[in-house]
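Report on one structure; see the data block that follows.
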Amino acid sequence: METRKIRDNEKALITFLLESLNLDLADYPINEDVFEYEGGKMGSISLNNNPDSYVGDLIQVEYIDTDGIPVVITLTEDDKGQLLDLDFWKNDMSKLLKYPSVDEVVILNGEE
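If you count the sequence shown from 1, position 90 lands on 90 in full-length UniProt numbering, and the numbers rise without skipping.
Encoded structure:
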């Protein structure tokens, strides 16, 4: 698997999501190296490269891309309580046009 360095906007979004859950950032370190799913088409990244270790979603937010298509973004954790994926799912499966900033996402699972 080819990895790359995490981008500042990805790290900012993950930090925002963890803070929205009142989680201690020290308990959920963000890996510097990530793997892009689908070649980066939708924006999904793996934070620990072991998709088989998924145990659950931490938080889901929604973002409306510049073409008006909703995107659901989910931060997941693994069986060791560490960050697993930042998963993007665009309703029509098309390419993500603009990466969301933290003020463009709406929390879906009642953590507001």
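A virtual CB, placed ideally from N, CA and C, is assigned to each residue, including glycine.
query, result
"Which same chain residues, not among the five before or five after P29, have their C-beta less than 8 Å away from its C-beta?", "Q82 and L83"
"Where DSSP assigns a beta bridge to P70, which residues make up the other side?", "I64"
"DSSP three-state call for G43: helix, strand or coil?", "coil"
"Give me whichever residues DSSP pairs with R4 in a beta bridge.", "V34"
"Using 8 Å as the cut-off, can you tell me whether the region 32-44 makes contact with the region 54-62, which would need three or more C-beta pairs spanning the two stretches below that distance?", "no"
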